[in-house]
Amino acid sequence: MATLNLTKHENGTDLDLIDRKLLALVQDDAKLSQAELAKAVGLTAPSVNERIRKLERAGVIRGYVALLDERKLGQDITAFVEIFIEHPKFESGFIEAVGDLDEVLECHHITGEFSLLLKVRVKDMAAFRRLLIEKLNTVRGVRQTRTLIVLATSKEQRRIKFDSE
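Here the sequence shown stands for residues 177 to 341, numbered as in my numbering.
Quick look at the structure:
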């Protein structure tokens, strides 16, 4: 009997070599059909369907998205905004507030002088100013912000590499 080469993660998810291959394939092209995936990993389409559903239920696959060209959609400014929250009691309110802002793409808790790091995308500097002055700085508990404007992006990737690749 062949070994499955399972990888046990601390969250309890078991991924064998075929699961990792499937994840690599759908990361590269989420539009691949079950038949194409099955051929690539040497299984039947129903077996692949079962594995994909298992990975979705386990939360390993959180969803499927199209990667859009923000500049072609008029979103010319990308910035990282560091946020200093004056007291931890204000953090959850801030996170809730930025959750409602379409301009905020990501919100990360960070170490160092500031509390949070936001990745934001807007159409122009006027829109960025409105976001910063009228929206972010007005949230209760925000004491200071520091902004880094992106001049160019050399690498932007969401793909996770597996040891089996």
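Cβ coordinates follow ideal geometry from the N, Cα and C atoms, glycine included.
Ordered list of alpha helix (DSSP H) runs contained in the region 289-315, each at least 4 residues: 301-306
Expected contact under 8 Å - CB spacing of serine 291 and isoleucine 271 to nearest Å: Counting from 1 along the sequence shown, the entry for residue 291 is found at position 115. Counting from 1 along the sequence shown, the entry for residue 271 is found at position 95. No, serine 291 and isoleucine 271 are not in contact; Cβ-Cβ is about 10 Å, not under 8 Å.
Pick from Ile261, Asp339 and Glu332 that is closest to leucine 243, judged by C-alpha positions: Translated into positions along the sequence shown, residue 243 becomes position 67. Nearest C-alpha to leucine 243: Glu332.
Euclidean distance between Cα positions of serine 209 and glutamate 226: On the sequence shown, residue 209 is found 33 positions in, with the first residue counted as 1. On the sequence shown, residue 226 is found 50 positions in, with the first residue counted as 1. For serine 209 and glutamate 226, the distance between alpha carbons rounds to 14 Å.
The beta strand (DSSP E) enclosing alanine 255, as first and last residue numbers: Numbered from 1 along the sequence shown, position 79 holds the residue referred to as residue 255. It spans 253-261 - the beta strand (DSSP E) in which alanine 255 sits, taken as one unbroken run.
Valine 318 versus leucine 231: straight-line alpha-carbon distance, rounded: Here residue 318 refers to the residue found at position 142 of the sequence shown. Here residue 231 refers to the residue found at position 55 of the sequence shown. Roughly 39 Å between the two C-alpha positions.
The region 246-266 contacting the region 217-225, beta-carbon criterion three pairs below 8 Å: no
Inter-residue Cα distance where the pair is arginine 238 and cysteine 283: As a position in the sequence shown, residue 238 is number 62, starting the count at 1. As a position in the sequence shown, residue 283 is number 107, starting the count at 1. Those two C-alpha atoms are separated by around 17 Å.
Spatial neighbours of valine 274 in its chain, beta-carbon cut-off 6 Å, leaving aside the 5 residues before and after: One-based indexing of the sequence shown puts residue 274 at position 98. Once the five neighbours on either side are set aside, the close Cβ partners of valine 274 are Val280 and Cys283.
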